[in-house]
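When you number the sequence shown by this note's numbering, it's gap-free, plus one each residue, and the end is 344.
Idealized CB from N, CA, C, for every residue including glycine.
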Amino acid sequence: MDLALPRGCARFDERWADQLLAAGLDAPETLLRPRPEGPGTGRGPRAMVDLPGGGRVFVKQALRGGLPARITRDRHLWRRRFLRDLDRARRAAACGCPVVPWLGAVFERARPGWRVFLIAPWIEGGIDLARLMGRTRDPREAEAIWRAALDAVGAMHRGGMYHRDLNLGNLVARRSASGWEVVVVDLDRPRLYAGPVPRRRRRRALARLARSWRRLFGDVPPPGGLPLEDRAGRHGAAFCAP
Numbered sequence: 103m104d105l106a107l108p109r110g111c112a113r114f115d116e117r118w119a120d121q122l123l124a125a126g127l128d129a130p131e132t133l134l135r136p137r138p139e140g141p142g143t144g145r146g147p148r149a150m151v152d153l154p155g156g157g158r159v160f161v162k163q164a165l166r167g168g169l170p171a172r173i174t175r176d177r178h179l180w181r182r183r184f185l186r187d188l189d190r191a192r193r194a195a196a197c198g199c200p201v202v203p204w205l206g207a208v209f210e211r212a213r214p215g216w217r218v219f220l221i222a223p224w225i226e227g228g229i230d231l232a233r234l235m236g237r238t239r240d241p242r243e244a245e246a247i248w249r250a251a252l253d254a255v256g257a258m259h260r261g262g263m264y265h266r267d268l269n270l271g272n273l274v275a276r277r278s279a280s281g282w283e284v285v286v287v288d289l290d291r292p293r294l295y296a297g298p299v300p301r302r303r304r305r306r307a308l309a310r311l312a313r314s315w316r317r318l319f320g321d322v323p324p325p326g327g328l329p330l331e332d333r334a335g336r337h338g339a340a341f342c343a344p
């Protein structure tokens with residue numbers, strides 16, 4: 103659902119639009135505060151917001167990193183990248199990839215360009231692997247968490263979705279009745295394929311995941327070692343055509 107706003111525009115998932123509007127998320131900049139402790143929240147100011155119908159979402163301002171941030175940290179010249187990300191994440195989730203799609207984006211005019219605010223479901227009981235693996239002392243439980251994480255990554259790749267910045271911070275785990283479940287969040291410029299993600303890109307994503315582990319834990323390997331190839335995960339996913 104596309105909306106015209108006094109200072110810009112928004113695109114919301116139609117199933118969530120009424121609740122997002124009722125919670126004031128058409129003006130997200132008024133809700134932002136310093137980063138809360140939570141999984142997969144990334145950089146910059148954000149907010150957790152209770153919805154009238156129950157449940158929570160978080161909203162964050164999309165900030166630029168690296169070299170582009172030296173020019174401008176909070177402005178983006180075009181909206182289409184974010185609109186494309188919303189669509190691709192929604193399609194990936196619909197066909198079974200273990201990902202958490204954005205529920206909407208708000209674009210505030212800021213000449214030149216736009217300030218962008220992204221909205222996603224809050225994962226109750228979830229914790230990102232960057233924190234969880236550092237505090238888990240039971241080796242068997244740590245191995246189960248890591249296995250679930252590799253299963254989720256493997257399912258995402260087999261379903262045809264490539265995450266350009268796969269790291270421990272955007273793998274979120276929570277305990278369920280059947281064990282640990284892991285989902286992939288913070289989908290920044292994802293790419294969809296009509297079949298499995300090509301091997302070269304899978305290896306690139308897994309190499310990023312391995313570097314993320316080493317940055318946090320040094321030479322201490324995760325349970326079962328660092329991945330070189332996708333595990334045969336338990337999740338199924340249909341292919342998502344680009």
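Partner residues in the beta bridge of Phe-209, as assigned by DSSP, are Cys-111 and Val-218.
Annotation for Gly-281: the continuous beta strand (DSSP E) segment containing it runs 281–286. With contacts defined as CB atoms closer than 7 Å, Pro-223 and Val-159 qualify as a contacting pair. Within its own chain, the residues whose Cβ lies closer than 8 Å to the Cβ of Ile-229, once the five positions on either side in sequence are excluded, are Pro-141, Val-274, Ala-275 and Arg-276, listed in chain order. In its chain, beyond the 5 residues on either side, Arg-291 have a beta carbon closer than 6 Å to the beta carbon of Arg-266. Excluding five sequence positions before and after Asp-176, the CB atoms of its chain that fall closer than 7 Å to its own CB belong to Gln-163, Leu-165 and Arg-217, given in chain order. Here Ile-225 carries a coil assignment [DSSP, helix/strand/coil].
For Leu-273, the uninterrupted beta strand (DSSP E) run begins and ends at 273–278, by DSSP. Around the beta carbon of Trp-248, 16 or more other beta carbons lie within 10 angstroms, which makes this residue buried.
Put simply, the region 280–297 touches the region 185–202. At least three CB pairs are less than 8 Å apart.
Taking a cut-off of 8 Å on C-beta distances, the region 234–247 does not touch the region 186–200, as fewer than three cross pairs fall below it. A distance below 6 Å between beta-carbons, with the five flanking residues on each side excluded, links Leu-270 to the following residues of its chain, in chain order: Leu-231, Ala-232 and Ser-314. DSSP places Val-255 inside the alpha helix (DSSP H), whose first and last residues are 241–260. Distances from the CA of Arg-211 to each of Asp-115, Leu-308 and Trp-180 were compared; the closest alpha carbon is that of Trp-180. Between the alpha carbons of Asp-152 and Ser-280 lies a distance of about 28 Å. The Cβ atoms of Arg-113 and Ala-207 sit closer than 7 Å to each other.
Here the alpha carbons of Pro-325 and Ala-250 stand approximately 12 Å from one another. Sequence-distant Cβ neighbours of Val-299 in its own chain, meaning closer than 6 Å and more than five residues away, are His-259 and Tyr-264.
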